[in-house]
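Trainee: Quick one: the structure is below, and I'll ask about it shortly.
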Amino acid sequence: MKPKELISWISRVETLLGEFSFEELDATEAKTLKNSFELFKEQLHDTISGNEISNSKLSNTLESNCYTTSRKPNSGAELIANVSHELRTPLNGIIGFTDLLKEDSLNEAQMVHVNAIQNASSSLMDIVNELLEYSKLSAKRELFDSVHFNFYRLLRDVVFLCETLIVQKNVKLEMLIDPSIPEVLVGDPTKLSQVLLNLLGNAIKFIEEGNIDFKIILEKKKEKELLLEFTIADNGIGIDESKLPFIFDSFRQADKETSNTYGGTGLGLSIVKQIVTQLGGAISVVSNLDMGTTFKFQLPFTVGDKTQLRKKNPNNNYLKDGVKLIKGTRILVFEDNSLNQRLIERRLKKWDCVSFITENAEYGINVLENQNIDLVLMDLRMPQMSGFEVSSLIRNHNSITVSQVPIIALTGDFTIKDKEISEMHGMNDYLLKPYSPDELLLKLLKNKKNGRTSENSKETEQPLDSKTILEVDKFSLDHIVEDCMGQLDLVEELISLYKENVLEFIGKIKYYLPERDFEAMGFALHKIKSGLAMMRTNSLYEIIREMSTCCKTTEDTGQLNVLFENFVSEYPNVERQIDAELEKLKIG
Amino acid sequence: MNGNQQNIKLLLAEDDAMLAALLKFRLEKEGYAVLLCKDGKEVKEQLNSSLPDVIVCDIMMPYFSGIELVAHIRNDLRSQLPIIMISSAGNEQNVLSAFELGANDFLSKPISPSELVVRLKREMSKV
């Protein structure tokens with residue numbers, strides 16, 4: 170890493186900020202932006218001039234879990250790593266803030282400046298990330314992430330994956346979360362999911378039928394510091410008592426037979442133990458032959474902040490095209506919070522959509538009857554009537570133009586149950602709050618075309634660019650049915666193989682990505698390609714193609730991570746489409 | 009269906025279970041006696057015990073690649089049995105080496121089973 174390069178970028182951002190006129194902005198907004206930059210510069214100055222940064226200063230500025238702060242930086246590389254983390258926080262602030270500024274009514278000159286600040290900050294961010302990556306490598310040990318993440322969403326992702334792994338078996342996986350655990354935590358989400366997938370995966374591997382209970386409770390709470398206890402209990406084959414003490418040793422499974430029957434390198438549990446211990450936790454196991462096994466581990470976290478959640482950042486070029494595609498879309502929004510009302514109205518207006526906003530079911534239905542609405546955004550929690558009830562009203566409406574409008578649920582907290590209920594009430598999709606403009610746009614694009622508008626297209630309809638990754642074309646199984654010569658049971662078999670392949674793939678990448686094993690990822694990517702191409706699930710295929718290129722050329726784990734997250738969040742939609750098509754085939 | 013490929017022993021080497029299931033189904037419909045191998049090692053073992061009449065073989069497979077298998081068949085086993093390769097899009101370089109070593113034809117993924125059937129018939133008519 171060249172400090173000169175860094176310094177030149179800093180001065181560039183500084184100049185840009187200096188040139189920017191804050192006059193027309195809210196005073197506090199302007200102050201926040203300036204403050205985050207000052208903080209950033211101060212940190213950086215210390216790094217470049219090589220000043221020792223004291224631990225107390227670290228903990229003052231860095232929100233992190235107890236693990237990272239308790240460790241005293243003892244090598245140059247480690248110091249760099251810690252400081253890079255610090256740099257990222259305020260830098261994130263700058264970038265996020267310019268995002269917000271852009272939503273204000275800026276004049277053209279201001280817009281040019283804000284864009285310049287944002288571009289320069291993003292480049293700076295890349296450099297800082299690079300620095301961090303390098304220091305991780307040279308320190309030859311893993312540094313743990315300390316970010317704000319949605320704990321419930323992570324658990325849902327993990328359970329979603331595991332549930333689909335047990336479809337073939339007669340196994341029930343039940344998750345119980347202590348509701349007093351806050352939604353957003355600070356910690357290392359990647360490592361946590363790695364540990365959970367390993368343990369749950371193990372449980373699934375060694376059980377043919379029965380139950381797996383997955384329980385998370387809040388063990389201790391002291392101000393913002395939390396200790397969570399995770400329990401994974403199965404009633405599978407169990408482990409012999411004499412072998413339990415060695416279970417976390419590297420390269421050792423319970424016995425030779427086990428590895429012959431169930432495969433695996435025996436590394437899983439030792440990795441799990443390493444991670445848990447290094448994160449400042451402890452793990453234990455209790456087991457009886459033929460009775461089952463219970464793994465228990467405790468991990469410390471800090472209470473997080475919703476506004477600090479990392480934004481998903483899909484490729485902006487596609488989104489620019491996307492904005493063109495939704496121009497003129499007529500959207501009805503059910504939303505009761507007046508602040509949210511204003512926010513969404515402004516956003517939709519920016520994209521040249523026509524919006525109608527209400528919290529009143531009667532008024533909304535009236536709009537649907539008379540205003541040619543293309544799509545409905547529905548807040549689930551409204552005072553008079555819940556979003557579910559309003560959706561039912563719409564679906565049962567006697568006019569087909571009303572009853573078939575696509576509905577997207579908006580919600581701050583969405584459990585697997587909610588998902589079932591919303592599907593039951595005929596809702597097409599959901600969007601979790603807080604969402605970024607990009608996420609909203611993606612959902613709008615996806616649902617708009619799948620819905621009614623494709624058939625009843627008005628003369629105002631924008632021509633569609635078929636190459637767009639957003640894959641707004643309607644999904645169909647026709648080609649597969651043709652390949653299978655109309656044999657539905659084969660189609661079904663292929664689909665279930667497809668699902669297995671995808672889940673296996675997701676599991677592999679989850680595992681190899683943190684390990685930076687590009688060769689293994691390359692092979693997994695190659696393997697999944699043929700199935701995706703066969704099913705013509707093009708949106709997923711495109712992501713895989715990009716990931717492949719990334720593995721072969723830049724080896725940029727940050728970008729891989731973003732792409733992979735896109736894949737994982739897109740997959741359930743694809744699976745739903747496939748299942749819906751298959752249902753149609755079976756009936757028809 | 010079409011029974012005129014009766015008794016033709018076809019070795020299908022494909023590690024992707026989905027594609028393998030689809031192709032096996034279609035080829036059996038056409039009357040081929042299909043033997044499925046999931047990786048290069050299985051193919052080699054099979055070839056050592058008895059030779060099929062024709063091989064449909066993916067290029068990228070665990071243990072031994074399709075290219076290695078073509079070389080093995082032509083050079084070690086000295087057999088001229090027809091070999092049709094399956095390649096991933098963008099692997100043209102590999103296809104060239106396969107041809108140089110004596111592969112007869114190739115198809116790119118995604119594979120159309122009907123196209124494979126036609127190409128197979130063409131190769132078999134040359135034998």
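Here the protein sequences come in this chain order: A and B. Add 169 to the 1-based position in the first sequence for this note's numbering, that's all there is to it. Add 8 to the 1-based position in the second sequence for this note's numbering, that's all there is to it. Where a beta carbon is used, it is the ideal one built from N, C-alpha and C, also for glycine.
Within the 7 Å Cβ cut-off, does F114 of chain B reach chain A?
Mentor: F114 of chain B does not count as touching chain A.
Trainee: Taking all protein chains shown into account, decide if E752 of chain A is buried (16 or more other Cβ within 10 angstroms of its Cβ) or exposed.
Mentor: So E752 of chain A ends up on the exposed side.
Trainee: How about the stretch 337 to 355 of chain A and the stretch 372 to 386 of chain A: do they share at least three Cβ pairs that are nearer than 8 Å?
Mentor: Yes, the stretch 337 to 355 of chain A touches the stretch 372 to 386 of chain A.
Trainee: How big is the Cα-Cα spacing for L694 of chain A and K615 of chain A?
Mentor: In a straight line, the C-alpha of L694 of chain A is about 25 Å away from that of K615 of chain A.
Trainee: Which of the three DSSP states, helix, strand or coil, is assigned to L89 of chain B?
Mentor: DSSP places L89 of chain B in coil when its eight states are reduced to three.
Trainee: In whole angstroms, what is the alpha-carbon distance linking R325 of chain A and N506 of chain A?
Mentor: Taking the straight line joining both Cα atoms gives about 27 Å.
Trainee: Relative to the C-alpha of D24 of chain B, which candidate in B:Y40, B:D47, B:F33, B:L43 has its C-alpha closest?
Mentor: Measuring from the Cα of D24 of chain B, the nearest candidate turns out to be B:D47.
Trainee: Show which residues of chain B have a CB atom less than 9 Å away from the CB atom of L366 of chain A.
Mentor: Those do not exist, as L366 of chain A stays about 22 Å from chain B at its closest Cβ, beyond 9 Å.
Trainee: Figure out for me which residue from A:L729, A:L365, A:S708, A:L646 has the closest Cα to the Cα of S717 of chain A.
Mentor: Per the Cα distances, A:L729.
Trainee: Could you name the residues of the stretch 59 to 76 of chain B whose beta carbon sits closer than 8 Å to any beta carbon of chain A, in the order they occur along the chain?
Mentor: From the stretch 59 to 76 of chain B, only M68 have a Cβ closer than 8 Å to chain A.
Trainee: Within the continuous alpha helix (DSSP H) that includes F33 of chain B, where are the two ends?
Mentor: Counting along the chain, the alpha helix (DSSP H) containing F33 of chain B begins and ends at 25 to 37.
Trainee: Whose C-alpha, out of A:Q477, A:L361, A:L562, A:S555, is nearest the C-alpha of F466 of chain A?
Mentor: Ranking the options by Cα distance to F466 of chain A, first place goes to A:L361.
Trainee: May I have the straight-line CA-CA distance separating N15 of chain B from E131 of chain B, to the nearest angstrom?
Mentor: Rounded to whole angstroms, N15 of chain B to E131 of chain B spans 16 Å at the Cα level.
Trainee: Is there a C-beta anywhere in chain A that falls below 7 Å from the one on K32 of chain B?
Mentor: Closer than 7 Å: no.
Trainee: What does M132 of chain B touch in chain A if you count any residue whose Cβ is under 9 Å from its own?
Mentor: Within 9 Å Cβ-Cβ: nothing; M132 of chain B doesn't reach chain A, min ~21 Å.
Trainee: Taking only beta-carbon atoms, is D47 of chain B less than 7 Å away from chain A?
Mentor: It does not; no Cβ of chain A falls within 7 Å.
Trainee: Grouping DSSP H, G and I as helix and E and B as strand, with all else coil, what is Q467 of chain A?
Mentor: Three-state DSSP puts Q467 of chain A in a strand.
Trainee: Can you tell me the Cβ-Cβ gap for T471 of chain A and E394 of chain A, rounded? I've got them flagged as a contact below 8 Å.
Mentor: 6 Å between Cβ atoms; contact.
Trainee: Quick check on Y599 of chain A: does DSSP put it in helix, strand or coil?
Mentor: The answer is strand: DSSP assigns Y599 of chain A an E or B state.
Trainee: May I ask which residues mark the beginning and end of the alpha helix (DSSP H) holding T726 of chain A?
Mentor: That run of the alpha helix (DSSP H) goes 726 to 756.
Trainee: The beta strand (DSSP E) that contains R499 of chain A, what's its start and end?
Mentor: Segment 499 to 503, the beta strand (DSSP E) holding R499 of chain A.
Trainee: So the candidates are A:G356, A:F736, A:N457, A:D521; which of them puts its Cα closest to the Cα of L468 of chain A?
Mentor: Nearest C-alpha to L468 of chain A: A:G356.
Trainee: Please list, in chain order, the chain A residues whose beta carbon lies closer than 9 Å to that of K117 of chain B.
Mentor: Result: K698, S699, A702, M703.
Trainee: Put G533 of chain A into one of helix, strand or coil per three-state DSSP.
Mentor: Note: G533 of chain A maps to helix in three-state DSSP.
Trainee: Quick one: what does DSSP say G758 of chain A is sitting in, helix, strand or coil?
Mentor: Since the first residue shown for chain A is 170 and the last is 757, residue 758 of chain A is missing from the structure and cannot be characterised.
Trainee: Anyone know if the C-beta pair for P683 of chain A and T476 of chain A falls short of 7 Å?
Mentor: No, the pair does not count as a contact, with Cβ atoms beyond the cut-off.
Trainee: Reducing DSSP to helix, strand and coil, say where V135 of chain B ends up.
Mentor: Coil.
Trainee: Please classify P414 of chain A as buried or exposed, where buried requires at least 16 other C-beta atoms within 10 Å of its C-beta.
Mentor: P414 of chain A should be labelled exposed.
Trainee: Cβ closer than 7 Å: which chain B residues qualify as neighbours of L694 of chain A?
Mentor: Going along chain B, no residue has its Cβ under 7 Å from L694 of chain A, so there is no contact; the nearest lies around 11 Å.
Trainee: Three-state secondary structure (DSSP) at E166 of chain A?
Mentor: Since the first and last residues shown for chain A are 170 and 757, residue 166 of chain A lies out of range.
Trainee: Would V660 of chain A and I678 of chain A qualify as a contact pair, given that the criterion is a beta-carbon distance under 7 Å?
Mentor: Taking 7 Å as the Cβ cut-off, V660 of chain A and I678 of chain A do not qualify as a contacting pair.
Trainee: Going by the beta-carbon positions, is the gap between S572 of chain A and H594 of chain A smaller than 7 Å?
Mentor: No, the Cβ-Cβ distance between S572 of chain A and H594 of chain A is not below 7 Å.
Trainee: In angstroms with no decimal places, state the Cα-to-Cα distance between Y740 of chain A and F674 of chain A.
Mentor: Going by the C-alpha atoms only, they are around 12 Å apart.
Trainee: Please look up how many angstroms separate the CB atoms of L366 of chain A and V327 of chain A, rounded, as I've assumed it's under 8 Å.
Mentor: That pair is a contact at about 6 Å.
Trainee: Does the distance from the CB of D543 of chain A to the CB of G556 of chain A come in under 7 Å?
Mentor: No, they are not a contact pair.
Trainee: Counting only beta-carbon separations shorter than 7 Å, does L27 of chain B have a partner in chain A?
Mentor: Cβ-Cβ to chain A under 7 Å: yes for L27 of chain B.
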